[in-house]
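Notes follow the structure.
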């Protein structure tokens, strides 16, 4: 009878070992899937970082172009105001002679 008890105990231990092994396999599979998901997330983050850098570069280029346009407009405005002053001075000069 002791032999039977030992055999039953051994069978139970063996079943528990198999159960533990199957659980370990399931955990390993889940871990692999999680690792794949983490890698996918990392790749997506890298893509978004690249996109963000490109957008920043475009924004900087746009700001530079706007600055260049602003400078050109300032020069044109100065030229126009200089021409307007010249016209005013010239008109005042002619008006002085007409009033004499």
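Numbering (the numbering used here), first residue to last: 38 to 137. Note that beta-carbon positions come from the ideal geometry of N, C-alpha and C, so glycine has one too.
* Backbone secondary structure at residue 93 - three-state DSSP -> Translated into positions along the chain shown, residue 93 becomes position 56. Residue 93: helix per DSSP, three-state reduction.
* **Inter-residue Cα distance where the pair is residue 98 and residue 83** => Your numbering for residue 98 matches position 61 in the chain shown. Your numbering for residue 83 matches position 46 in the chain shown. Each residue's alpha carbon lies about 23 Å from the other.
* Who are the Cβ neighbours of residue 141 in its own chain at under 8 Å, not counting the five residues just before and after it? -> Not covered by the structure: residue 141. The range shown for the chain is 38 to 137.
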